[in-house]
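**Student:** After the structure tokens below, expect a handful of questions from me.
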Amino acid sequence: MDFDQSKFTNEPFVIKNPKPWGYEIIFTKKDFPYSGKILHVDAGKRLSLQYHDQKKETMMLVKGQCLLIIDDQKGELAEIEMEPFKGYDILPGQKHRLKGITDCDVFEVSTPEIGTTYRLEDDYSRSDETDDLRTAERKNL
1144 MDFDQSKFTN EPFVIKNPKP WGYEIIFTKK DFPYSGKILH VDAGKRLSLQ
1194 YHDQKKETMM LVKGQCLLII DDQKGELAEI EMEPFKGYDI LPGQKHRLKG
1244 ITDCDVFEVS TPEIGTTYRL EDDYSRSDET DDLRTAERKN L
């Protein structure tokens, strides 16, 4: 099989995006068919209680202690202390949030960041996140 080697690149890619709960490090380019990031959550801080209309995610705790607050099979929010190096899947429509017990790092892999993230509760009074808002936020980085 022949490949167009002119499209190959060995240049690293990273965006560090400050958040009110810590920061995220995005290590995949926007035009890829998947997304990868590290979420650094400060101790005692929480991400919004949210759900996605299109995005599927898997999260894995790699450092520290973190609570995953997530819809269970009955549609009730369960609090799960994440176990290091184990994957937790989040499907479209499933409410979820992270809370740092200590400063912690969570890897997130997902389908592309498309659609809307609906914020049901947010400690920082942020609105729902749309494609346009994501693009505008990351232009400044």
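Heads up: the sequence shown at position 64 corresponds to 1207 in our numbering, and the numbers run straight through without jumps. All C-beta atoms in this analysis are idealised placements derived from N, C-alpha and C, irrespective of residue type, glycine included.
(1) Apart from the five residues just before and just after K1172, which ones in its own chain have a Cβ nearer than 7 Å to its Cβ?
(2) May I ask you to list the residues that DSSP assigns as paired with G1230?
(3) Is L1263 buried or exposed, if buried means 16 or more other CB atoms sit within 10 Å of its CB?
(4) Using a 10 Å radius around the Cβ and a threshold of 16 neighbouring Cβ atoms, would you call K1242 buried or exposed?
(5) Do I1212 and E1222 count as a contact pair if the criterion is CB distance below 7 Å?
(6) Inspect the beta-carbon positions of K1180 and E1272 and report whether they are closer than 7 Å.
(7) Exposed or buried, which one is E1220 when buried takes at least 16 other CB atoms within 10 Å?
(8) In its own chain, which residues sit with a C-beta less than 7 Å from the C-beta of K1198, not counting the 5 before and 5 after it?
(9) Per DSSP, which one or two residues make a beta bridge with F1165?
**Tutor:** Reading it off the structure:
(1) F1156
(2) In the DSSP output, where bridge partners are listed per residue, G1230 has M1203.
(3) A residue is called buried once 16 or more other Cβ atoms fall within 10 Å of its Cβ, and L1263, having fewer, is exposed.
(4) buried
(5) yes
(6) With respect to E1272, K1180 sits apart: the two C-beta atoms are not nearer than 7 Å.
(7) The amino acid at residue 1220 is misidentified as Glu; the sequence shows Leu. It is exposed - the Cβ of L1220 has fewer than 16 other Cβ atoms within 10 Å.
(8) Within the same chain, P1235, S1253, T1254, E1256, I1257 and G1258 come within 7 Å of K1198 by CB-CB distance, once the 5 residues on both sides are set aside.
(9) Just to set this straight, residue 1165 is Gly in the shown sequence, not Phe. Per DSSP, K1162 and V1184.
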